[in-house]
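Visitor: The structure's right below; bear with me while I get my questions together.
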Amino acid sequence: MVYRWLRDLHLYFGLFISPFVLLFAASVFYLNHGKLTQGTPPPADIYRNLQLPDGFDRVKGREAAERAKTILPQVGVSGEIGFLRYIASDRHLIFPVSKAGLESTIDVDLDARSAMVTRRHMGVWESLSYLHKIPGPHNPAIRGNWVGTRMWRWFADATIYLLLFISTSGVYLWWALKAERAAGLLLLFAGAATFSGLVYVIVR
Amino acid sequence: MSSSAKALEVWNRRVHYYLGLYFLFFLWLFAATGLMLNHQQWFRDLYQRVERSYQLPIATPAGDTVRAQTRDLMDQLNLKGEIDWPASQPVWHIDFNVSRPNGAAQVRVDLNAKQAYVREFENGRLHAFQIFHTFSGSRFNQPASQRDWIVTSLWVWAMDALAAGLIVMVLGSYYMWWQLKKKHALGFAMLAAGVVGCGVFVAGLL
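Line by line, the protein sequences are chains A and B.
According to our numbering, numbering within the first sequence proceeds without interruption in unit steps and concludes at 526.
According to our numbering, numbering within the second sequence proceeds without interruption in unit steps and concludes at 205.
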């Protein structure tokens, strides 16, 4: 009974996360071996007469990101704000906004109430790699400032939890097949030896 | 079912769990560290990093290139890891950073004074564990970066092998599922949910 339930859950959860696993696995090759070629800088679009919130000289972190978000619909951009850079000398606010397929950089002149927006399109591999790395460890104070990132984090977490379930249930399902125990144990120990050997060589 | 189709089915199933068993510990490492990377706030207080600074005399480094000279300096300073050079070097200096999961060092070498100024960091176990996830010695958005430590290349080879293994396992699992006709309907619903859920992000809709 337990075996049948586990086998079905292993199958159905596996099918659900399989596109995510393929994305995370395929993007590894680009992250490890790919190189982004910098082409000519994209042309900038200028937006004027913007309604700008104040206080960028005072506020930081999540509050600054929330204020910067009010600029995005006025310049036709949506996505995750990567970081915020306020330049006090000329009162400019510069921040990148990303989502799979597009990275925009917004340079706001707070006094002139105008913004210069450059849009750089990502290729498929860069988009997959972007999704692989988001939300990631950087700028945790403002990370998840876009609904898309929050939802992706949910899916990424679900993929991890289900992968842990699937791998554990997979061990149980394999152990139930008595004829495969010897070969399976050999591979399990070979994998453990490779893993621990590599870790040892790296940290020794 | 023909004998070749039967053999394919048997071997496909075997490859699925043999790969799964071989890569089990790698998979658990990348799963756990993936969770850590996406939820820094859960682990921030658990990270430890010990820093120490020191100064050592060095011999003039041997070698014709900055890379060879850096390697010689690392041998003299007993440092190991991936090398990373700053965009520009001060005159009569060789400055570089060395990193690996359990630590890093910022090294500033004054060739005239024959002195090395080292700022060394030792990462705690949890921090080191997390760094294994991203330890590739190369950044796709920094074209100049490249691997220069053979141990990193071995680790990257293991990452590639895991990724290839997972792709084979997923594709093989589709075949196994398709052989189970009673599971088609619910299986298709789950797969479709995954494809749509993943697809909206890949397409940049979210």
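A virtual CB, placed ideally from N, CA and C, is assigned to each residue, including glycine.
Would you list the one or two residues that DSSP bridges to residue 141/B?
Guide: 138/B
Visitor: If contact means a Cβ-Cβ distance below 9 Å, which residues of the segment 346-364 of chain A contact chain B?
Guide: 346, 347, 348, 349, 350, 351, 352, 353, 354, 355, 356, 357, 358, 359 and 360
Visitor: Can you check which of these residues, 19/B, 13/B, 41/B and 4/B, is closest to residue 512/A by C-alpha distance?
Guide: 19/B
Visitor: With 16 as the cutoff for other CB atoms within 10 Å, does residue 88/B come out buried or exposed?
Guide: exposed
Visitor: What does DSSP give as the partner residue(s) for residue 102/B in the beta ladder?
Guide: 99/B and 121/B
Visitor: On the CB-based measure, 16 or more other CB atoms within 10 Å of its CB, does residue 347/A come out buried or exposed?
Guide: buried
Visitor: Any idea what DSSP makes of residue 437/A, helix, strand or coil?
Guide: strand
Visitor: Name the chain A residues whose beta carbon is nearer than 7 Å to that of residue 22/B?
Guide: 513
Visitor: Do we get a CB-CB distance below 9 Å when we pair residue 104/B with the residues of chain A?
Guide: no
Visitor: Work out the CA separation of residue 32/B and residue 350/A for me, nearest whole Å.
Guide: 15 Å
Visitor: CB residue 338/A to CB residue 175/B, shorter than 9 Å?
Guide: no
Visitor: Quick check: what's the CA-CA separation for residue 193/B versus residue 74/B?
Guide: When the Cα atoms are used, residue 193/B and residue 74/B turn out to be separated by approximately 50 Å.
Visitor: Where are the alpha helix (DSSP H) runs, 4 residues long or more, that stay fully inside the segment 465-512 of chain A, in chain order?
Guide: Entirely contained in the segment 465-512 of chain A, the alpha helix (DSSP H) runs reaching 4 residues are, in chain order, 469-497.
Visitor: Could you give the DSSP three-state label for residue 213/B: helix, strand or coil?
Guide: There is no way to answer for residue 213/B, as the model of chain B reaches only from 0 to 205.
Visitor: Within 9 Å of any Cβ in chain B, is that where the Cβ of residue 378/A sits?
Guide: With 9 Å as the cut-off, residue 378/A does not count as an interface residue toward chain B.
Visitor: Quick one: is residue 111/B buried, meaning 16 or more other Cβ sit within 10 Å of its Cβ, or exposed?
Guide: That one is exposed.
Visitor: At a CB-CB cut-off below 7 Å, which residues of chain B make contact with residue 421/A?
Guide: 203
Visitor: Please work out which residues of its chain come closer than 7 Å, Cβ to Cβ, to residue 394/A, disregarding the five sequence neighbours upstream and downstream, and give them in chain order.
Guide: 400 and 419
Visitor: Assign residue 51/B to one of two classes, buried (16 or more other C-beta atoms within 10 Å of its C-beta) or exposed (fewer than that).
Guide: exposed
Visitor: In three-state DSSP terms, what is residue 417/A?
Guide: strand
Visitor: Please classify residue 399/A: does DSSP put it in a helix, a strand, or coil?
Guide: coil
Visitor: Would you check if the segment 124-144 of chain B and the segment 98-108 of chain B touch, i.e. whether three or more CB-CB distances between them fall below 8 Å?
Guide: A contact exists between the segment 98-108 of chain B and the segment 124-144 of chain B.
Visitor: Assign residue 341/A to one of three DSSP states: helix, strand, or coil.
Guide: helix
Visitor: Which bits of chain A does residue 184/B rub up against, with CB to CB less than 7 Å?
Guide: Residues of chain A passing the Cβ test: none, with the nearest at roughly 11 Å.
Visitor: Just to confirm the assignment, what range does the beta strand (DSSP E) spanning residue 48/B have?
Guide: 48-56
Visitor: What residues from chain C crowd round residue 502/A, counting only those whose CB sits closer than 8 Å?
Guide: Checking the listed chains, one finds no chain C in this structure; the protein chains it contains are A and B.
Visitor: Closer than 8 Å, Cβ to any Cβ of chain B: which residues of the segment 399-428 of chain A, in chain order?
Guide: 421, 422, 423 and 424
Visitor: Name the residues in the segment 77-107 of chain B whose C-beta lies less than 7 Å from a C-beta of chain A; which are they?
Guide: 99, 100 and 101
Visitor: Report the rounded CA-to-CA distance for residue 505/A versus residue 161/B, giving the unit in angstroms.
Guide: Roughly 19 Å between the two C-alpha positions.
Visitor: Leaving out the 5 sequence neighbours to the left and right, which residues in its chain are closer than 7 Å to residue 425/A when beta-carbon positions are compared?
Guide: 418, 442 and 444
Visitor: For the segment 515-526 of chain A, enumerate the residues whose C-beta is nearer than 9 Å to any C-beta of chain B, in chain order.
Guide: Within the segment 515-526 of chain A, the residues whose Cβ lies closer than 9 Å to some Cβ of chain B are 516, 517, 518, 520, 521, 523, 524, 525 and 526, listed in chain order.
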